[in-house]
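The C-terminal residue of the sequence shown carries number 389 in our numbering, and the numbering is unbroken. For each residue, glycine too, the CB sits at the ideal point set by N, CA and C. The model shown is predicted, which means the values in this text are computed figures rather than measured ones.
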Amino acid sequence: MMTTNRTPLGLYLHIPFCVRKCNYCDFVSFAGQGEDVREAYVRRLCEDIKTAGARYGDRYLVDTVFIGGGTPSLLDPAQIARILDTVRSSFVCSLSEVTLESNPGTFDEERLRGFLDAGIGRLSMGVQSLDDGVLKRLGRIHDSGTALKAMRVAKCLDLNFNVDLMLGIPGQTLEIWEDTLKRVIEEGPKHISFYSLQLEMGTPFYRDFKEGRLELPSWEENRAMYHKALEILKDAGYRHYEISNAAIPGYECRHNLKYWTMQDYLGLGMAAHSFLGGNRCFTTSDLKAFLAGPAEPEWEGTDEHDRKTDFVFTELRLIDGFRKQDYQNMFGRGFEEDFGPAYGELVREGLMEEADGFVRLTQKGLDQTNPVMERLLNV
Ligand code: SF4
11 MMTTNRTPLG LYLHIPFCVR KCNYCDFVSF AGQGEDVREA YVRRLCEDIK TAGARYGDRY
71 LVDTVFIGGG TPSLLDPAQI ARILDTVRSS FVCSLSEVTL ESNPGTFDEE RLRGFLDAGI
131 GRLSMGVQSL DDGVLKRLGR IHDSGTALKA MRVAKCLDLN FNVDLMLGIP GQTLEIWEDT
191 LKRVIEEGPK HISFYSLQLE MGTPFYRDFK EGRLELPSWE ENRAMYHKAL EILKDAGYRH
251 YEISNAAIPG YECRHNLKYW TMQDYLGLGM AAHSFLGGNR CFTTSDLKAF LAGPAEPEWE
311 GTDEHDRKTD FVFTELRLID GFRKQDYQNM FGRGFEEDFG PAYGELVREG LMEEADGFVR
371 LTQKGLDQTN PVMERLLNV
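Now the structure itself:
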């Protein structure tokens, strides 16, 4: 099949199973499901991949696949192989990045080799911390020794891997954070994500916080951890390219860059989000409904105002920001014609800036991303 004149497409495949729920997590994932349910899910997912291939495959070239969750590394390597075989037989593919999200407590060298044989080329590992007290508080299934071992196995197999870390955790000090970051860097990940803990409704952390049983680091402490991360990562040769992501140059996550640059992506499985040709779609978060059979995707059209705010909201996550000319090309109007007054104020307050034709957040703006976005997008 011809690969020219096709639009690149990222595929996100959601695997909603975990060994147990972490105390802070509100992702769509279920603990304690047996092998029979996991197998039924994989079969259903493969059917959905085939259906999507028949529906959209003639226009697209799949170049990235991200198997996320949940804990996709709970599946057998043979199940991951079936999923990827189905992608390759249903779509025209030229895969430059195939990522598997993983929990360090769910694989050893043999299983990791199995995932590589299945076609995985990049591993994203949820390590979160290398402090055992912090890991326990988070409710993670692994300790620091297991996380270190998992990173070493990935390194021995010369695998391109990402490590997810979390800052602003109860009981986490700047010293603990710095120690974790430095020890992780020693293991050689090509990519590090560092997100602030968010208190999500319905989680044990949220309940404990509301009942006064959970104390978070202050905003100043949280920001000190963030700034320390930027300093350490820069010294170690990582490029900070997105608010919460840094990579050795050339190892930026190609799949996630699609989210931040308004490129097309298709989400399959439960609780997956798609963005195709400016339209959006979410799949069901109900496991029973998902397993029962295919549901017609419900696409939501977006109007021009939605597309403009999406563009600004997502592209400002990038440290380089966006090119004003790209905004003009996409919408036929200048960025300042649409956002001028709010943008002008934010520039005067040192929260946004323009350089070489790019609009971006300043360092000060990065510390206040949500209020800055709210002020800018409230047009
Ligand atoms: S392993 Fe990840 S997806 Fe699963 S409960 Fe913990 S944070 Fe959520």
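Out of curiosity, what's the CA-to-CA distance linking residue i and residue j?
i	j	result
A305	V29	28 Å
T74	V102	12 Å
D245	T61	47 Å
T324	R65	27 Å
D168	K200	11 Å
G143	L224	14 Å
F125	G78	14 Å
M385	L209	Sequence inspection shows Arg at residue 385; the Met mentioned does not correspond to that position. Between R385 and L209, the C-alpha separation is close to 23 Å.
R317	S154	43 Å
T372	F219	31 Å
E363	L240	19 Å
G20	N388	30 Å
H283	C291	6 Å
P18	Y269	13 Å
R121	F27	17 Å
N170	Q43	30 Å
R54	G80	17 Å
Would residue i pass as a contact of residue j if the rule is Cβ separation under 7 Å?
i	j	result
L410	I130	Look at the range of the chain in this structure, 11 to 389, and you will see that residue 410 is not part of it.
P114	T156	yes
I25	P82	yes
G178	N232	yes
G197	M161	A small fix is needed here, since residue 197 is Glu in this sequence, not Gly. Going by C-beta atoms, E197 is nearer than 7 Å to M161.
Q89	V137	no
Does any heavy atom of ligand 1 sit closer than 6 Å to the C-beta of residue i?
i	result
K146	no
F40	no
N113	yes
F215	no
G80	yes
F37	yes
K31	yes
C28	yes
Drop a sphere of 10 angstroms on the beta-carbon of residue i, count the other beta-carbons inside from all chains shown, and report buried for 16 or more, exposed for fewer.
i	result
L94	buried
N172	buried
G342	exposed
D127	exposed
W229	exposed
A164	buried
S39	buried
W187	buried
H315	exposed
Which whole-angstrom value describes the C-beta separation of residue i and residue j, a residue pair presumed to lie in contact below a C-beta threshold of 8 Å?
i	j	result
M383	L326	7 Å
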